[in-house]
Structure formats: structure tokens, C-alpha cells
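Asks: Let me begin by handing over the structure; questions about it come next.
Chains as they are written, first to last, in the numbering used here: chain A, 3 to 117; chain B, 1024 to 1132.
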């Protein structure tokens, strides 16, 4: 069964460093997302991406964040200068073209720890 | 803005029925989805309600009342493996989900 894959599963970084989280969405999906979940809290929307551009983004997704689809399979989230409060689980997700059911397929997440 | 409220915890015994409620305040509303999350892993889609009424998928059912800004997830014949966090999610667009704070369900033997 196709699945969303994310790397790395866990990354530890120093405050101020740049981090890139990588995702391979399901191959025939056209909408891609990043969500994050601070430990013990709810899942929060960051950004959606379609047709090689950002479709929607939240207030969390400020200038420190960027997304890119560098090739036909990968979808990346970059945090330019990490802060302590960026420590969270980052989930990538994808959905089918035309889906309006809120059915997102999530990866297992990348846990980011900022020291 | 968007907000979805759920109880933080629910406990039930194996074989029982449990209902997890969700009330929402959103500017624009496309429908209500439900997700299950085990131990902080990948959230998994369970169900979706666009219209008022009950949707049934096996042991799980979901209900929506747009006039009351209210929905619930009903889990029947509870099993130990159902112990997880359950999130309602909604908002103005299916492409920008707002998740509720989550309900931790504990199923006891």
C-alpha cells in the first residue's frame, strides 16, 4: 500500500541552525502539506502546496519557513534559523486530486529537537 | 478563526460503546473529519461528514449537526487497540484543516 515517507525520523540541532525535513508523498497525489505537533498538543496546519506553489499557509509559517518540491518525488520543509519553540513533530501529508473529504495521508513524522 | 473543542480524556471498558464529542466554531465550514493517532505516530483518517446525519464505517460512526456546530465519533465494540488519541478536524477548506485538541481514549480490559 502506498505511503508517505519522511526523513529523518529524528533530528537534533542547535538553535540558529538550518534544518531541512524531507518527504516523499504518495505518487499520484497532487496536494502536499506540512503539519506540526508540539509534544502533547494538537496537530497544527503549517502549509499546503499545489501545482508547485504554496496554496495556503498559517500564521505559524513565517519567513523562517519555506517549502520546495525540488524534483518529481520529494517535498521539503526548510527552517532557516531554528528556535527552541520549533521543537516538535513535523508531519508531511498528501491528498488526492479533487478530494474534499479532509482525507489526508500522513507520514510517520520527523521529530525535531532544538537545543 | 477556527476552534474545535473536544474532551481531553475518555475511559471505557472493552466491548463497550463510547462517544467522543466535538463542538466547533469556524468561519466557513467544509465538513468534519476524524483522525486516530497512536502514541504520537501518523494520524490516520477515520471518517468525514459533509452533511448532517450519521456516517457508518464498520465499528466507527460519525455524526454531524451543522445547525448545532456539533459532531461526534461513536466507537462500538471497543477493543484494546482502540486506545489512542482521536482528533476532530474541520475548517473552511479541506486543504487547511484545523484540528481539535484531541481526546485520549483509554480502553480497559
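For each residue, glycine too, the CB sits at the ideal point set by N, CA and C.
Using a Cβ-Cβ cutoff of less than 6 Å, which residues in the same chain neighbour residue 1122 of chain B once the five nearest sequence positions on both sides are dropped?
Replies: The residue given as residue 1122 of chain B occupies position 99 in the second chain. For residue 1122 of chain B, where only same-chain residues beyond five positions count, the Cβ hits under 6 Å are 1110, 1112.
Asks: Taking only beta-carbon positions, decide if residue 1071 of chain B is within less than 8 Å of chain A.
Replies: Residue 1071 of chain B sits at position 48 when you count from the first residue of the second chain. Residue 1071 of chain B counts as touching chain A.
Asks: Taking a contact to mean a Cβ-Cβ separation below 8 Å, would you say residue 1060 of chain B touches residue 1026 of chain B in this structure?
Replies: Against the second chain, residue 1060 of chain B aligns to sequence position 37. Against the second chain, residue 1026 of chain B aligns to sequence position 3. Not closer than 8 Å, so no.
Asks: Measuring straight from C-alpha to C-alpha, what distance separates residue 42 of chain A and residue 1065 of chain B?
Replies: Locating residue 42 of chain A in the first chain gives position 40, counting from the first residue. Locating residue 1065 of chain B in the second chain gives position 42, counting from the first residue. Residue 42 of chain A and residue 1065 of chain B: Cα-Cα distance of roughly 14 Å.
Asks: Measure the Cβ-Cβ separation of residue 1124 of chain B and residue 1031 of chain B and say whether it is below 8 Å.
Replies: Locating residue 1124 of chain B in the second chain gives position 101, counting from the first residue. Locating residue 1031 of chain B in the second chain gives position 8, counting from the first residue. Yes, Cβ-Cβ distance for residue 1124 of chain B and residue 1031 of chain B is below 8 Å.
Asks: Could you give the residue range of the beta strand (DSSP E) that holds residue 44 of chain A?
Replies: For the purposes of this step, residue 44 of chain A is taken as the residue at position 42 of the first chain. That residue, residue 44 of chain A, is in no beta strand (DSSP E); it is neither H nor E in DSSP.
Asks: Could you check which residue in B:1115, B:1119, B:1053, B:1043 has the C-alpha nearest to that of residue 1083 of chain B?
Replies: For the purposes of this step, residue 1083 of chain B is taken as the residue at position 60 of the second chain. Out of B:1115, B:1119, B:1053, B:1043, B:1043 has the C-alpha closest to the C-alpha of residue 1083 of chain B.
Asks: Can you find a C-beta in chain A that's less than 8 Å from the C-beta of residue 1047 of chain B?
Replies: Sequence index remark: in the second chain, residue 1047 of chain B carries index 24 (1-based). No, because no Cβ of chain A sits closer than 8 Å to the Cβ of residue 1047 of chain B.
Asks: Could you list the residues in the region 87 to 111 of chain A with a C-beta less than 9 Å from some C-beta on chain B, going in chain order?
Replies: Against chain B - using a Cβ distance shorter than 9 Å - the residues of the region 87 to 111 of chain A are 91, 93, 95, 97, 101, 102, 103, 104, 105, 106, 107, 108, 109, 110, 111.
Asks: Between the region 91 to 109 of chain A and the region 26 to 35 of chain A, are three or more C-beta pairs nearer than 8 Å?
Replies: Short answer: they touch.
Asks: So, is residue 1117 of chain B buried or exposed, given that buried needs 16 or more other C-beta atoms within 10 angstroms?
Replies: By 1-based counting over the second chain, the position of residue 1117 of chain B is 94. Buried: at least 16 other Cβ atoms inside 10 Å.
Asks: For residue 45 of chain A, would you say it is in contact with chain B, using Cβ-to-Cβ distances shorter than 8 Å as the test?
Replies: On the first chain, position 43 is the one that residue 45 of chain A refers to. Closer than 8 Å: yes.
Asks: Which value, in whole angstroms, describes the spacing of the CA atoms of residue 75 of chain A and residue 47 of chain A?
Replies: On the first chain, residue 75 of chain A is found 73 positions in, with the first residue counted as 1. On the first chain, residue 47 of chain A is found 45 positions in, with the first residue counted as 1. About 22 Å.
Asks: Quick one: grab the DSSP three-state call for residue 1103 of chain B.
Replies: Taking the second chain and counting its residues from 1, one reaches residue 1103 of chain B at position 80. Here residue 1103 of chain B sits in helix by DSSP.
Asks: Span of the beta strand (DSSP E) holding residue 23 of chain A?
Replies: Mapped onto the first chain, residue 23 of chain A falls at position 21. Its beta strand (DSSP E) spans residues 21 to 26.
Asks: Do you know offhand how far residue 49 of chain A's Cα is from residue 35 of chain A's?
Replies: On the first chain, residue 49 of chain A is found 47 positions in, with the first residue counted as 1. On the first chain, residue 35 of chain A is found 33 positions in, with the first residue counted as 1. Their Cα atoms are separated by approximately 6 Å.
Asks: What in chain B is Cβ-close to residue 3 of chain A, meaning under 9 Å?
Replies: Residue 3 of chain A sits at position 1 when you count from the first residue of the first chain. The contacting residues do not exist; residue 3 of chain A stays about 12 Å from chain B at best.
Asks: Tell whether a beta-carbon distance below 8 Å holds between residue 1050 of chain B and residue 1115 of chain B.
Replies: For the purposes of this step, residue 1050 of chain B is taken as the residue at position 27 of the second chain. For the purposes of this step, residue 1115 of chain B is taken as the residue at position 92 of the second chain. The answer is yes: Cβ separation under 8 Å.
Asks: My output table needs one value for residue 87 of chain A: the three-state DSSP class, helix, strand or coil.
Replies: As a position in the first chain, residue 87 of chain A is number 85, starting the count at 1. Reduced to three states, the DSSP call for residue 87 of chain A is helix.
Asks: From A:110, A:73, A:66, pick the residue whose C-alpha is nearest to that of residue 54 of chain A; which is it?
Replies: Locating residue 54 of chain A in the first chain gives position 52, counting from the first residue. Checking every option, the nearest Cα to that of residue 54 of chain A belongs to A:73.
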